[in-house]
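Report on the structure given below.
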Amino acid sequence: MEVAAWLGLFFLWPAPVKKDKNGKPVLPVVSKKKILGVERAIDLPQEQIPKIEKAMAEMERGIDDCEHCWFDSCFQGAKLHYRKFLPKGPVKGIVIWFHGIAAHSGRSLVLDEEGGKEKKFGMALQKERWLKAGYALYALDYLGHGYSEGIRFYVPGFETNRDDNIAFTKHVASLHPEGTPLFLTGESYGGCLTLHVAKHFQDNPADTPKGFNSILLLGAAVIPADLPPKPVVSLLLQLSLYYPTWIPFFMPNPVSADLVWRDKRVLDVFDSKERRAFGIDGGGRPFRLATASGMLEALQQVREDIIPTLTVPFCVLHGVKDYAVPISSMEFLLEHAATPEADRESKRFPEAYHDLLNDPVADETMDIMINFVEKRVAAA
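Here the sequence shown is numbered in this note's numbering, starting from 428 and rising by one per residue.
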């Protein structure tokens, strides 16, 4: 700690965080603010809250009929926000969505086109298509993401996300009749977490919802994109022990926004100054140190401990021109997973970027996902 303090003195780095008697960091207290009609310790600028709620008409267009609900995190009992969408008729199955890092459950866009038509992307598209097909849709905001409590985009360890997602899946299953078919879907880091959750259920049948069926992965993070030289990575990992919430000035930028969203209309909205000011979406921005180190650990474990013994049925989709998560992630899964060939499907989109549901291939992506789920339900 003394070394870290001297570094802070000479290089104007922040003071190292204090630790409690158990050696865990004592984090800054996030003040409570009123959002969605309730008081929450949400790490968003106080002056932005009224603007955020005013802008919800645009941000929530197409998903504004969701039910906003809350769930207790395994991390200090923080309140996690999630969205609940139910079809009008009988529920054929349950779909749970795990978003990527620095994203959120409401990443969505509806564009007006000629002739009074609408073009839907992201959660608006998912909600429309899944509900029309008869499936209930649930989407969780991770700790520090979306409308959930916590330091913005700070993940104390990937295990927090994994354990929250396991508990959340069991909670959602309990809201429906026992044995209702249940599918986990995840994008990017959310895809990595989906693999972790699926393996937990595979290895712990007594802790698994009886309806758990299979998983769907979009640009799932298995192999990281180009990393800095090993000495830099080692330095960042060491610094994360002393400065877990810090974003250093020399922190590598994961991937710029224009390499995440191929459709310029989508890019112009998601990367606009107005959206960035809200602090809801951090796509294409550098990570906090602990968040980055936790992600690297999650990816390493998924390659070494999860995929080689995975037998859970899956559908995996990936853009060949994905600059955030290389296509080699998909190839690794296909080559090393133990899932029988009859229980797996895959699709490579030659021109697609990272965010498939906000890409020109969004509708085709949904077609493939729904067809996979329908076949699984029919065969159950």
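From the three backbone atoms N, C-alpha and C, an ideal C-beta is built for every residue, glycine too. Treat the numbers as computed from the prediction; the structure is a model and nothing was measured.
Taking DSSP's pairing of strands, which residues face residue i in a bridge?
{"i": "leucine 538", "result": "Lys546"}
{"i": "threonine 612", "result": "Trp524, Leu643"}
{"i": "glycine 577", "result": "Ile469"}
Could you give the first and the last residue of the continuous beta strand (DSSP E) run that contains residue i?
{"i": "arginine 775", "result": "771-776"}
{"i": "isoleucine 521", "result": "520-525"}
{"i": "glycine 617", "result": "Taken as a continuous stretch (DSSP letters only), glycine 617 belongs to no beta strand (DSSP E), being part of the alpha helix (DSSP H) at 616-630."}
{"i": "asparagine 640", "result": "639-645"}
{"i": "leucine 744", "result": "741-746"}
{"i": "alanine 563", "result": "562-567"}
What residue does the alpha helix (DSSP H) around residue i start on, and which one ends it?
{"i": "valine 696", "result": "691-697"}
{"i": "serine 720", "result": "716-728"}
{"i": "leucine 662", "result": "657-669"}
{"i": "asparagine 798", "result": "789-806"}
{"i": "histidine 763", "result": "755-763"}
{"i": "valine 649", "result": "Neither: valine 649 is in no alpha helix (DSSP H) and is coded neither H nor E."}
{"i": "glutamate 599", "result": "Looking at the sequence provided, one finds valine at residue 599 rather than glutamate. Per DSSP, valine 599 belongs to the alpha helix (DSSP H) from 585-601."}
{"i": "glutamate 701", "result": "700-705"}
Label residue i either buried or exposed according to how many other C-beta atoms from any shown protein chain fall within 10 Å of its C-beta, with 16 as the threshold for buried.
{"i": "threonine 736", "result": "exposed"}
{"i": "serine 641", "result": "buried"}
{"i": "asparagine 798", "result": "exposed"}
{"i": "lysine 802", "result": "exposed"}
{"i": "valine 747", "result": "exposed"}
{"i": "alanine 789", "result": "buried"}
{"i": "glycine 520", "result": "buried"}
{"i": "asparagine 631", "result": "exposed"}
{"i": "glutamine 553", "result": "buried"}
{"i": "alanine 805", "result": "exposed"}
{"i": "leucine 463", "result": "exposed"}
{"i": "glycine 613", "result": "buried"}
{"i": "phenylalanine 697", "result": "buried"}
{"i": "glycine 489", "result": "buried"}
{"i": "serine 500", "result": "buried"}
{"i": "glutamate 429", "result": "Bear in mind that the predicted position of glutamate 429 carries a pLDDT of just 45, short of 50, making it unreliable; the figure below should be weighed with that in mind. Result: exposed."}
{"i": "phenylalanine 677", "result": "exposed"}
{"i": "proline 753", "result": "buried"}
{"i": "glycine 577", "result": "buried"}
{"i": "threonine 718", "result": "buried"}
Cα-Cα, which of the options is closest to residue i?
{"i": "alanine 468", "options": "Ile521, Gly746, Ser575", "result": "Ser575"}
{"i": "proline 636", "options": "Pro753, Ile523, Arg712, Ile734", "result": "Ile523"}
{"i": "leucine 783", "options": "Gly527, Gly573, Arg803, Thr672", "result": "Gly527"}
{"i": "glutamate 540", "options": "Met678, Arg692, Met550", "result": "Arg692"}
{"i": "histidine 781", "options": "Ala806, Pro651, Val804", "result": "Pro651"}
{"i": "aspartate 653", "options": "Tyr750, Gly504, Gly617, Pro514", "result": "Tyr750"}
{"i": "phenylalanine 512", "options": "Glu614, Lys546, Phe741, Glu494", "result": "Glu494"}
{"i": "proline 675", "options": "Gly706, Leu664, Lys700, Lys544", "result": "Leu664"}
{"i": "valine 743", "options": "Glu586, Phe595, Thr792, Gly561", "result": "Thr792"}
{"i": "glycine 504", "options": "Phe705, Asp590, Gly561, Gln475", "result": "Asp590"}
{"i": "glutamine 473", "options": "Ala484, Val457, Met486", "result": "Val457"}
{"i": "leucine 611", "options": "Lys478, Asp786, Phe741", "result": "Phe741"}
{"i": "leucine 602", "options": "Val660, His572, Cys496", "result": "Cys496"}
{"i": "phenylalanine 639", "options": "Leu507, Ala648, Gln629", "result": "Gln629"}
{"i": "lysine 626", "options": "Phe677, Ile593, Lys459", "result": "Ile593"}
{"i": "valine 660", "options": "His508, Glu701, Asn785, Gly721", "result": "Gly721"}
{"i": "alanine 647", "options": "Lys459, Ala725, Asp770", "result": "Ala725"}
{"i": "proline 583", "options": "Tyr669, Leu622, Lys700, Val687", "result": "Tyr669"}
{"i": "alanine 566", "options": "Tyr581, Lys544, Phe525, Gly606", "result": "Phe525"}
{"i": "glutamate 758", "options": "Ala769, Asp770, Arg775, Pro767", "result": "Arg775"}
Is residue i near the ligand FMN, with its Cβ less than 7 angstroms from a heavy atom?
{"i": "isoleucine 490", "result": "Only the bare structure without any ligand can be found here, which leaves the ligand FMN out of the picture."}
Taking 8 angstroms as the CB-CB cut-off, is residue i touching chain B?
{"i": "tyrosine 616", "result": "No chain B appears in this structure, which consists of one protein chain only."}
Going residue by residue through the region 451-517, where are the continuous alpha helix (DSSP H) segments of at least 4 residues, counting only ones entirely within it? 476-486
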